[in-house]
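>
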Amino acid sequence: MTTVSLKQKLISIVGEQYVSDGLAEKYVYSFDMTENPPKRPAMVVMPESVQQLQQIVRIANKDRVPLVPFVTGQNIGGLTIPQVDDAVTVDLKRMNKIVEVDDEAMYAVVEPGVTFGHLRKYLDEHNPSLTYTYPLAPPYTSVLANALLQGLCDLSTMRGAMGDFINGLEAILPTGEIVRAGSAIMGDGNWFGRYPLPDLVGLFSGWQGMSGFVTKIAVQLWPKKQFTRHAALFTFGEVPTTELLKRIARAQLIDDADCMSLSIVKMLLGVSPPVQVYGGEPDYGTLLTLSGNIEKEADAKYELIETFVEDARKNESRQLLVDWDAISRMLGDQAKSWVDFPSDAFKVLTEYDGLTWVGTYIHPKHWGEALSGGRKIVEKYGFELMAYLKPMNSMHFGEFKFIIRFPKDDATVEKVRHCNEELLDFALSLKALPYKTPVWAAKKLQQNADPGFVELLKRIRKTLDPNGIMNPGRWGL
Amino acid sequence: MLEQPKDFIGNILAILTSKPLARPDFKDIVAKWKMVVVLETDYYPVTIRFDKGMRVEHGDIPHPTLRVNAKLSTIIELVKGKTSPIRALLNGGLKVKGILRHPRATLRFYRLISSSLKR
């Protein structure tokens, strides 16, 4: 089909205002903050409804037009950059309805364009006893995209990756049919969970848009605790730091732990780039968040953490737990920046036009070693030391990433690519799994993974998308 | 008045002292001081130079006017108001070398620190 006739067809569905093949739009949708190579789509279309999107998919399937799902493009993995020529980027941000919030079963059903900011505002106004979460991303990122990409958030230390929060979903298959997975197969107002059923959410979660368009997702909400308090933990050494975090997380005392290289804390304090490490500074600063239904519950949790830190001080007397009152006095207004860091992270991370990381989920036994080895690699390349790690799902696994902020000149981009490849090779050697996986990383993962898994992926994809229209090239498939 | 230090403890000191140093009268007084204080902590030492203002640098220098020694946990106790500089001095949590030789510098530094710790 010619580009002109495709454009006319898309205009007939969504209206002229929401289709563009203009140079400016194609440029804007061709890249993200990462080092992943840019590629321009042939066109951008913005549907407003499931029906419009279904019509777009049907045309694309009939005419073999590659489609790339897009909401805000804030991922750190090049995940919305087309991998093939003549792709149409389908920007879903106009599909932004909060379809339902169920106070009793504690879930929200949202469309792709609903952001963390939207949901937070809605819950504050309509369901103040409930809370969702926020990711390591700005508030204008998509709830649906983050859940499907299995990212981490401020509830991950207690409850795991966001993919675990999905109760069910509605999707348009690449062949145009609308399907549901989860308890809402019994009808609306019934999105309470995924079980007991064949878990077909797995056909879409983690697939990076290769298996269809998810048009609605039900995510779990949680009761808001009455008392929340914070504390800061300053630690030395990769293994002692991870061992202490493991102990605290396993005891299920904390809602969240954001552990980061001290350089990031210094960035929040306003230290200008490049932020260097000075001998004797603690290696890591961890923001601990703990809560309780009554103040005593939160206080008791804090007291127990104090005993764990006291134990750790027997081996390293400088490990230090500091309550938030003292931190507020020591760090002034910047203490609030630390609490807000995950959702306000781009304030310091976007110092330059480039931002990237290799983030992985890893077995707890390799967590400290991974952090230590990764640090050496980053230091070898001379980038600022910006590790970020989180105990996940009460310490069933760990997360770690090395963040690199960089100017996007050719030489630096090349250096970033080498550094990230080396970081990933090292992580894979420890059997870690990269998340929000860019194509280059997915290819490396496949080289190391069970071949049966890769074959199964290909077979499922072929079954769901016989014409290969959904985000082709993604994951190197 | 104070350049942004590049190290962690330097930044904490900068934030703590920023409140009294924001007062023009006190800022003018400090601007006239000429002395060097080394703060030794269990993390690392910082050198605080008073010379037409205040500057905090990572590291130690020989022969400062005053040499103050305290663990970071003691500094936090001071910040929280759980102890005072005098009490910490008396119980050994805070040690100062140079008190006898430089009593005026000691008083000046005490004044700065106690003003910084005021809630």
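Residue numbers (the numbering used here), protein chains in the order written: chain A, 1261 to 1737; chain B, 9 to 127. Virtual Cβ for every residue (Gly too), placed ideally from N, Cα, C.
1) Identify the contact partners of Leu80(B) in chain A, using a Cβ-Cβ distance below 7 angstroms as the criterion.
2) Check whether the segment 1389-1404 of chain A touches the segment 1631-1641 of chain A, taking contact to mean three or more Cβ pairs, one atom from each stretch, closer than 8 angstroms.
3) Examine chain B for any beta-carbon lying closer than 8 angstroms to the beta-carbon of Ser1532(A), and answer yes or no.
4) Bridge partners for His66(B) per DSSP, in chain order?
5) Taking one C-beta from the segment 69-83 of chain B and one from the segment 97-108 of chain B each time, how about it: are there three or more such pairs within less than 8 angstroms?
6) Measure the C-alpha to C-alpha separation of Asn1708(A) and Ala1586(A) and round it to an integer number of angstroms.
7) From Val1618(A) to Leu1737(A), what does the alpha carbon distance come to, in whole angstroms?
8) Thinking C-alpha only, which one of Asp1345(A), Asp1362(A), Gly1333(A) and Val1361(A) is nearest Asp1351(A)?
9) Just list the residues that DSSP pairs Met1730(A) with in beta bridges.
10) Give a yes or no on whether the C-beta atoms belonging to Asn1731(A) and Gln1468(A) are separated by under 8 angstroms.
11) Since I believe Leu1379(A) is in contact with Ile1358(A) (beta carbons under 8 angstroms), could you give me their beta-carbon distance rounded to a whole number of angstroms?
12) Kindly give me the distance between the Cβ atoms of Met62(B) and Leu10(B), rounded to whole angstroms, as I take these residues to be in contact under 8 angstroms.
13) Taking 8 angstroms as the threshold (beta carbon to beta carbon), is Phe16(B) in contact with chain A?
14) Is the beta carbon of Trp1584(A) less than 8 angstroms from the beta carbon of Leu1528(A)?
15) Can you check whether the C-beta of Arg1635(A) is within less than 8 angstroms of a C-beta belonging to chain B?
16) What number of angstroms, rounded off, separates the C-alpha of Gly1592(A) from the C-alpha of Ser81(B)?
17) Closer than 7 angstroms: is that where the CB of Glu1555(A) sits relative to any heavy atom of the ligand GDP?
18) Could you tell me whether the segment 1412-1432 of chain A touches the segment 1512-1530 of chain A, where touching means 3 or more Cβ pairs closer than 8 angstroms?
19) Please work out which residues of its chain come closer than 6 angstroms, Cβ to Cβ, to Glu1430(A), disregarding the five sequence neighbours upstream and downstream, and give them in chain order.
20) Can you find a C-beta in chain B that's less than 8 angstroms from the C-beta of Met1590(A)?
21) Could you give the DSSP three-state label for Gly1658(A): helix, strand or coil?
22) In this structure, does DSSP put Gly1619(A) in helix, strand or coil?
23) Going by C-alpha to C-alpha distance, which of Ala1509(A), Ile1445(A), Gln1311(A) and Tyr1382(A) sits closest to Tyr1562(A)?
24) Since Tyr1367(A) is in the beta strand (DSSP E), which residue starts that stretch and which ends it?
25) Using the Cα positions of Pro1602(A) and Ala1595(A), report the straight-line distance between them to the nearest angstrom.
26) Span of the beta strand (DSSP E) holding Gly1633(A)?
27) Provide the residue span of the beta strand (DSSP E) that contains Met1303(A), from first to last.
28) Report buried or exposed for Thr1263(A), applying the criterion of at least 16 other Cβ atoms within 10 angstroms of its Cβ.
29) Check for me: the alpha helix (DSSP H) holding Ala1595(A) runs from which residue to which?
30) Quick check on this structure: which residue in Glu1360(A), Gly1275(A) and Leu1327(A) has the alpha carbon closest to the alpha carbon of Arg1300(A)?
So, from the listed chains and residues:
1) By Cβ distance, chain A contributes Leu1580.
2) The way I'd put it, the segment 1389-1404 of chain A doesn't touch the segment 1631-1641 of chain A; fewer than three beta-carbon pairs between them come closer than 8 angstroms.
3) With 8 angstroms as the cut-off, Ser1532(A) counts as an interface residue toward chain B.
4) DSSP lists Val54(B) as partners of His66(B).
5) In short, these stretches touch, since the Cβ pair count reaches three.
6) One C-alpha to the other measures close to 47 angstroms.
7) Separation of Val1618(A) and Leu1737(A) (C-alpha to C-alpha, rounded to the nearest whole angstrom) is 20 angstroms.
8) Relative to the Cα of Asp1351(A), the nearest Cα in the group Asp1345(A), Asp1362(A), Gly1333(A) and Val1361(A) belongs to Gly1333(A).
9) According to DSSP, Met1730(A) bridges with Leu1327(A).
10) With respect to the 8 angstroms criterion, Asn1731(A) and Gln1468(A) are classified as neighbours on the basis of their beta carbons.
11) Ile1358(A) to Leu1379(A), Cβ: 7 angstroms. Contact.
12) For Met62(B) against Leu10(B), the beta-carbon gap comes to about 5 angstroms, under 8 angstroms, which counts as contact.
13) Residue-level contact by beta carbon holds for Phe16(B) and chain A, with a gap shorter than 8 angstroms.
14) No Cβ-Cβ contact shorter than 8 angstroms links Trp1584(A) with Leu1528(A).
15) Not one chain B Cβ lies under 8 angstroms of Arg1635(A).
16) One Cα belongs to Gly1592(A), the other to Ser81(B), and the distance between them is close to 18 angstroms.
17) Annotation note on the ligand GDP: not contained in the displayed structure, which lists no ligands.
18) Yes: at least three Cβ pairs fall under 8 angstroms.
19) Result list for Glu1430(A): Arg1440, Thr1475 and Lys1476, in chain order.
20) A Cβ of chain B is located within less than 8 angstroms of the beta carbon of Met1590(A).
21) In the three-state scheme derived from DSSP, where H, G and I count as helix and E and B as strand, Gly1658(A) is classed as strand.
22) Secondary structure at Gly1619(A): strand, using DSSP grouped into helix, strand and coil.
23) Taking the Cα of Tyr1562(A) as reference, the smallest distance to any Cα among Ala1509(A), Ile1445(A), Gln1311(A) and Tyr1382(A) is reached at Ala1509(A).
24) Taken as a continuous stretch (DSSP letters only), the beta strand (DSSP E) holding Tyr1367(A) covers Tyr1367 to Val1370.
25) It is roughly 13 angstroms from the alpha-carbon of Pro1602(A) to the alpha-carbon of Ala1595(A).
26) Per DSSP, Gly1633(A) belongs to no beta strand (DSSP E); it is in the alpha helix (DSSP H), Pro1624 to Tyr1641.
27) Judged by DSSP secondary structure, Met1303(A) falls within the beta strand (DSSP E) whose first and last residues are Met1303 to Val1305.
28) So Thr1263(A) ends up on the exposed side.
29) Taken as a continuous stretch (DSSP letters only), the alpha helix (DSSP H) holding Ala1595(A) covers Gln1594 to Val1599.
30) Comparing Cα-Cα distances from Arg1300(A) to each of Glu1360(A), Gly1275(A) and Leu1327(A), the minimum goes to Leu1327(A).
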